[in-house]
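Novice: Right, I'll just put the structure down here and ask away after.
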Amino acid sequence: MPLTSAPVMFIGHGSPRWALSPGDAAARLQEYSVFFSQVKALLVISPHWITRGMQLTASPEPETIHDFGGFEEALYQLQYPVAGNPVLARHIQSVLQGQGVEVSLNEQRGLDHGAWVPLLHMLPDHKIPVLQLSLDAASTPASLVALGETLKSLRSEGVAIIASGSLTHNLYHIGDEHGSPLDYVVRFQAWAREQVMERNIRALSQPHLESEDFAAAHPGAEHYLPLLIAMGASHETDQLSVLESPVLYEALSMESYGWN
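Just so you know, we're using our numbering here: the sequence shown kicks off at 259 and counts up by one.
Below, the structure written as structure tokens:
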């Protein structure tokens, strides 16, 4: 693997309000941003864009999508005015299709909050072009790991892979922003960290069988699944960084991982 390989990340993006209340999780991202000095573009996957068949943004200027409701007005005024890269989008499409992965280009789609909120904290100067890849509704754990393995080749071209989601994401259990984390949240976060550190992709691919806490942590699996893409895109010789951060709202893990 080239020494100049761009990083891979799994980022816990929490609530949209994180954009207004950075805290420790944002500080960890800012510290990790030093590994992006030579990155030419970012390819972000977020659970807030799920499609039938995979899509990839190809807008030269993707808009900042405020895909949420019920928050204070200041949140809707935030923008992440970053460039896209239609030429790179066509190249990534070619790379994926060369491995039998069909993907269509979407010239209208912007960046949802799973993409722009963490980038607002980690790369606030918005100088690196950003593309977003959707999650295919028909994906399986095996296909997501394989997708990551296919995307891995882009790292040697300076394209960082950022999988955005959350290790725990049960909105029915949301409490005080800085309240004590629920027991199952602590247990599942610790379980996931252990599997990531051991590169136990088999266990991570079947959390419903490996952890009794998965059902409580994820009523729906969409926020967990991007982790499998990151595992596939990372390499066993990468240096793993665990970006430890306090659990927010008692139920939302903000832990992130970086591989470089």
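For glycine and all other residues, C-beta sits at the position ideal for the given N, C-alpha and C.
Identify, in the order they occur along the chain, each residue of the same chain with its Cβ nearer than 8 Å to the Cβ of Ile416, setting aside the five sequence neighbours on each side.
Specialist: In the sequence as presented, Ile is not what sits at residue 416; that position holds Gly. Around Gly416: Thr262, Ala264, Gln296, Val297, Lys298 and Ala299.
Novice: Using a Cβ-Cβ cut-off of 8 Å (strictly less than) and excluding sequence neighbours within five positions of Asn343, which residues of its own chain qualify?
Specialist: Same-chain partners within the cutoff: Ala299, Pro318, Pro387 and Leu389.
Novice: Tell me the DSSP bridge mates of Ala421?
Specialist: Phe268 and Ile303
Novice: Leaving out five residues before and five after Leu498 in sequence, what residues of the same chain have Cβ atoms less than 6 Å from its Cβ?
Specialist: Trp517
Novice: Can you tell me where the alpha helix (DSSP H) with Leu354 in it begins and where it stops?
Specialist: Residue range Pro344 to Gly356 is occupied by the alpha helix (DSSP H) that includes Leu354.
Novice: Whole angstroms is fine: what's the gap from Asn364's alpha carbon to Ser392's?
Specialist: 10 Å
Novice: By how many angstroms is the C-alpha of Gly490 removed from the C-alpha of Trp307?
Specialist: 20 Å
Novice: Take the Cβ of Met267 as the centre, count every other Cβ of all protein chains shown within 10 Å, and call the residue buried at 16 or more, exposed below.
Specialist: Buried is the call here.
Novice: In whole angstroms, give me the CA-to-CA distance for His379 and Lys385.
Specialist: 13 Å
Novice: Can you find the residues in the same chain that come closer than 7 Å, C-beta to C-beta, to His481, ignoring five residues on each side of it along the sequence?
Specialist: Pro305, Gly423, Ser424 and His427
Novice: Need the endpoints of the beta strand (DSSP E) that Trp517 sits in, please.
Specialist: From DSSP, the beta strand (DSSP E) with Trp517 extends over Ser514 to Trp517.
Novice: Do the stretch 492-510 and the stretch 433-449 touch if we need at least three Cβ pairs shorter than 8 Å?
Specialist: Under the 8 Å Cβ criterion, the stretch 492-510 counts as touching the stretch 433-449, having at least three qualifying pairs.
Novice: Return the CA-CA distance between Val353 and Ala332, expressed in angstroms with no decimal places.
Specialist: 40 Å
Novice: Is any heavy atom in the ligand GTP found nearer than 7 Å to the beta carbon of Ser263?
Specialist: Of the ligands one can find in the structure shown there are none, so the ligand GTP has no counterpart to examine.
Novice: Along the chain, where does the beta strand (DSSP E) that runs through Leu402 open and close?
Specialist: Premise fails: Leu402 lies in the alpha helix (DSSP H), Pro399 to Leu409, not in any beta strand (DSSP E).
Novice: List, from N- to C-terminal side, the alpha helix (DSSP H) runs of 4 residues or more that fit wholly inside the stretch 416-476.
Specialist: 441-455, 459-462, 465-468 and 472-475
Novice: Can you give the Cα-Cα distance for Gln313 and Ser362, rounded to whole angstroms?
Specialist: 5 Å
Novice: Just mark Gly368 as buried or exposed, buried being the case when its beta carbon has 16 or more other beta carbons within 10 Å.
Specialist: So Gly368 ends up on the buried side.
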